[in-house]
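Asks: Under our numbering, residues 2 to 373 are what the sequence shown spells out, in order.
Idealized CB from N, CA, C, for every residue including glycine.
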Amino acid sequence: MSKSITVSYEGNPCYDILLEHDFEKFIGKIKKSGYLPTQKVCIVTDSNLEKLHLEAFQNRVKSYFHTVISFCFSAGEQQKNLDTVQLLYQRLISNHFDRHDLLIAFGGGVVGDLTGFTAATYLRGVDFIQIPTTLLSQVDSSIGGKTGVDFMQYKNMVGAFYQPKLVYMNLSLLQTLPKEQFISGMGEVLKHGLIKSRDYFFWMQSHRKEILYLRPDIIEEMIYQSCLIKRNVVELDPREKGDRALLNFGHTIGHAIEKLSDFQLFHGQCVGIGMALSCRLSADLGYISKEACNKVIETLEEFGLPVSVKGLNEDEILSVSKSDKKMTAGKIKFILLNAVGNAFIYSDLTDDQILSAISGVLQDADGKGKEE
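1) May I ask which residues mark the beginning and end of the alpha helix (DSSP H) holding Ile28?
2) Any chance the CB of Gly186 is under 8 Å from a heavy atom of the ligand ZN?
3) Which value, in whole angstroms, describes the spacing of the CA atoms of Ile359 and Ser143?
4) What does the Cβ neighbour count give for Glu11, buried or exposed, with the cut at 16 atoms within 10 Å?
5) Give the C-beta separation of Leu136 and Gln40 to the nearest angstrom, bearing in mind that I take them to be a contact with Cβ-Cβ under 8 Å.
6) Quick one: what does DSSP say Cys15 is sitting in, helix, strand or coil?
7) I want to know whether the region 96-115 touches the region 124-131 - three or more CB-CB distances under 8 Å.
8) Consult DSSP for Ala344 and reduce its assignment to one of helix, strand or coil.
9) Report back the beta-carbon spacing between Ser309 and Leu266 to the nearest angstrom; my notes put them in contact at under 8 Å.
10) Use the C-beta contact count for Leu248: other C-beta atoms within 10 angstroms, 16 or more gives buried, fewer gives exposed.
11) Grab me the residues of Glu303's own chain with a C-beta within less than 7 Å of its C-beta, minus the 5 sequence neighbours each way, in chain order.
12) To the nearest angstrom, how far is it from the Cα of Thr351 to the Cα of Thr134?
13) Could you please give the first and the last residue of the uninterrupted alpha helix (DSSP H) stretch that includes Lys192?
14) Going by Cα to Cα distance, which pick from Ala246, Val297, Leu319 and Cys228 is closest to Thr7?
15) Once the 5 residues before and after Leu356 are set aside, which same chain residues still bring their CB inside 8 Å of it?
16) Using C-beta distances below 8 Å, list every residue in its chain close to Asp49, excluding the 5 sequence neighbours before and after it, in chain order.
17) Quick check: what's the CA-CA separation for Ala366 versus Leu313?
18) For the alpha helix (DSSP H) that contains Phe58, what are its first and last residues?
19) For Tyr10, which three-state DSSP category applies?
20) Kindly indicate which three-state DSSP category Glu315 falls into: helix, strand or coil?
21) Classify Gly186 as buried or exposed, calling it buried when 16 or more other Cβ atoms lie within 10 Å of its own Cβ.
22) What residue does the beta strand (DSSP E) around Lys417 start on, and which one ends it?
23) Can you find the residues in the same chain that come closer than 8 Å, C-beta to C-beta, to Glu236, ignoring five residues on each side of it along the sequence?
24) Comparing alpha-carbon positions, which option in Val168, Asp114, Ile132 and Pro217 lies nearest Asn157?
25) Who pairs with Pro133 in a beta bridge, going by DSSP?
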């Protein structure tokens, strides 16, 4: 089993996404891409992947390239910052990496974002390859050329659009992914169905058990369909000047919750809460029925995603949301639903409307909804 998708950038084929179940075809793809054994390679990863998979993957890369080094940093969103980038710069400089050399992002979204930003800025640009190892990074962050790091805990505030040369997915690595992280990735997967494909969303509902049991053929098909949706969106709007913003469904409030929880919640969990809030807003404004809203929220919960959070204050969430990079002319851009599979951008919400919606996803200290 394997699948391939080509992503174009500004009308021209740019890179391939390969869905495989091992690394058998990786070196062959490297050779076809024109890389030479004399080029130096730096594999960037985190402490989780270092323990599980780095040695085996590094040995495979060494079977072709003469010089292969690694750079490892502590796992977690807290390390996705300019301090870590600076350490990576130093590692590359001390090993005499030049513009002809190559970086490989071997890890989840944090690793991919940080490596891509480093590649975009080191010597004004060096090649990099994405090898996403989490569900979230496979269906979302590895595709589309968004790179970046957090600044003072504000998500992805410093970044660049910079395309990878290849996205290679070894889906078997999901078998060693902690369940919580797999569920987090489902936040982005379900988002794709909600914003772009009613049929895909309902397909996931009907295959929930197989998905949660990681049945290989079902997982491959799910990731393939999500990658197609992400590919189609980013090709039409590579620099997020229009419809690409639809991919931020659930993210406006989700990012604020992520920051205020000090990144103790996974990104996809926060997106789940944000999607529940956006569904409620969509229903409150009359775009979808209460029944449709409740069914979406029920589906999120069935996949293990949280739809509420406790210990936070609605005024703080609103304030942090207004510091998000998605603000336009002083207004928060929300992504709402006209229907399952049909999202749109809405920028005319009042603070009172947003605060009311935030209250709907907050729990008190006993874990009960504040509106109960």
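Replies: The answer reads as follows:
1) Numbered from 1 along the sequence shown, position 27 holds the residue referred to as residue 28. Taken as a continuous stretch (DSSP letters only), the alpha helix (DSSP H) holding Ile28 covers Phe27 to Lys33.
2) This structure simply doesn't include the ligand ZN, nor any ligand for that matter.
3) The residue given as residue 359 occupies position 358 in the sequence shown. The residue given as residue 143 occupies position 142 in the sequence shown. Rounded to the nearest angstrom, the two C-alpha atoms are 30 Å apart.
4) Taking the first residue of the sequence shown as position 1, residue 11 is located at position 10. Exposed, by the Cβ-count rule.
5) Within the sequence shown, numbered from 1, the residue matching residue 136 stands at position 135. Within the sequence shown, numbered from 1, the residue matching residue 40 stands at position 39. Taking C-beta atoms under 8 Å as the contact rule, Leu136 and Gln40 fail to qualify, at a distance of about 31 Å.
6) For the purposes of this step, residue 15 is taken as the residue at position 14 of the sequence shown. If DSSP states are grouped into helix, strand and coil, Cys15 belongs with the strands.
7) Three or more Cβ pairs closer than 8 Å define a contact, and the region 96-115 meets that threshold against the region 124-131.
8) Your numbering for residue 344 matches position 343 in the sequence shown. Reduced to three states, the DSSP call for Ala344 is strand.
9) Residue 309 sits at position 308 when you count from the first residue of the sequence shown. Residue 266 sits at position 265 when you count from the first residue of the sequence shown. Contact between Ser309 and Leu266 is absent: CB atoms are separated by about 12 Å, not below the 8 Å threshold.
10) Working through the sequence shown from its first residue, we reach residue 248 at position 247. Counting Cβ neighbours within 10 Å, Leu248 comes out buried, since at least 16 surround it.
11) To locate residue 303, count along the sequence shown from 1; it is residue 302. Arg209.
12) On the sequence shown, residue 351 is found 350 positions in, with the first residue counted as 1. On the sequence shown, residue 134 is found 133 positions in, with the first residue counted as 1. The straight-line gap separating the alpha-carbon atoms of Thr351 and Thr134 is approximately 40 Å.
13) As a first step, residue 192 must be located in the sequence shown, where it is residue number 191. Counted as a single uninterrupted DSSP element, the alpha helix (DSSP H) harbouring Lys192 occupies residues Lys180 to Lys197.
14) Residue 7 sits at position 6 when you count from the first residue of the sequence shown. That would be Cys228, whose Cα lies nearest to the Cα of Thr7.
15) As a first step, residue 356 is located in the sequence shown; it is residue number 355 there, counting from the start. Excluding sequence positions up to five before and after Leu356, its CB lies within less than 8 Å of the CB of Glu315, Asp316 and Leu319, all in the same chain and listed in chain order.
16) The sequence position of residue 49 within the sequence shown is 48, counting from 1. Here the sequence assigns Asn to residue 49, which means Asp is not the residue at that position. So the list reads Ala76 and Gly108, once near-sequence residues are dropped.
17) Here the question's residue 366 lines up with position 365 in the sequence shown. Here the question's residue 313 lines up with position 312 in the sequence shown. Low confidence applies here, because Ala366 scores a pLDDT of 45, under 50, leaving its location unreliable and the question unanswered by this model.
18) Position 57 of the sequence shown, counted from the start, is the residue given in the question as residue 58. For Phe58, the uninterrupted alpha helix (DSSP H) run begins and ends at Glu56 to Lys63, by DSSP.
19) Position 9 of the sequence shown holds residue 10. The answer is strand: DSSP assigns Tyr10 an E or B state.
20) For the purposes of this step, residue 315 is taken as the residue at position 314 of the sequence shown. Glu315: helix per DSSP, three-state reduction.
21) For this step, residue 186 is matched to residue 185 along the sequence shown. Classification for Gly186: buried.
22) One cannot answer for residue 417 here, as it falls past the ends of the chain, which runs 2 to 373.
23) As a working note, residue 236 is residue 235 in the sequence shown. Within the same chain, Glu236 has close Cβ partners Val8, Ser9 and Tyr10.
24) Numbered from its first residue, the sequence shown carries residue 157 at position 156. Measuring from the Cα of Asn157, the nearest candidate turns out to be Asp114.
25) Here residue 133 refers to the residue found at position 132 of the sequence shown. Within the DSSP bridge table, the entry for Pro133 names Gly108 as partners.
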